[in-house]
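Worksheet: one structure, shown below.
Residue numbers (the working numbering): 136 to 262.
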């Protein structure tokens, strides 16, 4: 038996985006439970919310135990590329994949330290 569940961000993070998005359907008032607001935020994807929301976390349960899976956001991957001894071709591939505009915005987020405060970067490797 295998079950998985999203670990949603705090409700405060969900309500912070109210002023950033004109999506009235998403925030029709604070009467909705915070879970619904968080789910609608995750549905927007990583690019528009990566500077506010934390990394996506999923808890996987099975008969052997419990495991937490954490997904790096695109800006986390770019920060890891800049922090390491990365080849120029890998950074160019990142810029080509996300586009010059998005990658430049991520560079500004890193430079201005506009990222959601979290611990250190998480390795992409699986052990």
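Glycine included, C-beta positions come from ideal geometry on N, C-alpha and C. Given the structure is predicted, the values throughout are model-derived calculations rather than measurements.
- The secondary-structure analysis by DSSP pairs residue 140 across a beta bridge with 194.
- Distances from the CA of residue 216 to each of 199, 241, 200, 195 were compared; the closest alpha carbon is that of 241.
- Judged by their CB atoms, residue 193 and residue 137 are not nearer to each other than the 8 Å cut-off.
- Put simply, the segment 199-213 touches the segment 224-241. At least three CB pairs are less than 8 Å apart.
- With a cutoff of 8 Å on beta-carbon distance, residue 144 and residue 189 are scored as near each other.
- In this structure, residue 213 sits away from residue 239, with a CB-CB distance that is not shorter than 8 Å.
- Closest in C-alpha terms to residue 218, from the list 246, 191, 204, comes 246.
- Just so you know, the alpha carbons of residue 223 and residue 229 end up roughly 10 Å apart.
- When the five nearest sequence neighbours on each side are left out, the beta carbons in the same chain lying within less than 6 Å of the beta carbon of residue 191 are those of 206, in order along the chain.
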